[in-house]
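Structure, as structure tokens:
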Amino acid sequence: MNDEGKNIHWQHSYSTQDKIYCVYIADSPDLVLEHAKRLGAPADKIEEIKGISDPTTGE
Numbered sequence: 641m642n643d644e645g646k647n648i649h650w651q652h653s654y655s656t657q658d659k660i661y662c663v664y665i666a667d668s669p670d671l672v673l674e675h676a677k678r679l680g681a682p683a684d685k686i687e688e689i690k691g692i693s694d695p696t697t698g699e
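Here it is as structure tokens:
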């Protein structure tokens with residue numbers, strides 16, 4: 641999609657027993673939905689990440 645001028649970048653995914661959570665940097669939720677549709681993957685809910693907690697931010 642980037643070659644079409646659409647700003648979307650997959651960062652990584654987390655897998656649980658029955659779900660996959662994918663993290664993207666994208667200009668809009670619609671781009672994430674379009675990406676999922678092109679892959680034939682479900683995208684049931686999209687949430688914007690408001691903050692990150694890890695050892696570097698905990699001090």
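Going from the sequence shown to the numbering used here is simple: count from 1 and add 640.
For glycine and all other residues, C-beta sits at the position ideal for the given N, C-alpha and C.
The structure presented is a predicted model; accordingly, all values stated were derived computationally and were not measured.
His649 versus His675 - alpha carbon distance: Locating residue 649 in the sequence shown gives position 9, where the first residue counts as 1. Locating residue 675 in the sequence shown gives position 35, where the first residue counts as 1. When rounded, the distance between both Cα atoms is 10 Å.
Any idea what DSSP makes of Ala676, helix, strand or coil? Along the sequence shown, one-based indexing puts residue 676 at 36. Ala676: helix per DSSP, three-state reduction.
Just how far apart, CA to CA, sit Thr656 and Thr697? As a working note, residue 656 is residue 16 in the sequence shown. As a working note, residue 697 is residue 57 in the sequence shown. Straight-line Cα distance between these residues: approximately 25 Å.
Cβ atoms of Val672 and Ala681: under 8 Å apart, would you say? Start at 1 with the first residue of the sequence shown, and residue 681 comes out as number 41. Start at 1 with the first residue of the sequence shown, and residue 672 comes out as number 32. No, they are not a contact pair.
Distance check for Lys677 and Gly691, CA to CA, integer angstroms please. Indexing the sequence shown from 1 puts residue 691 at position 51. Indexing the sequence shown from 1 puts residue 677 at position 37. Near 27 Å, if we compare the C-alpha coordinates of Lys677 and Gly691.
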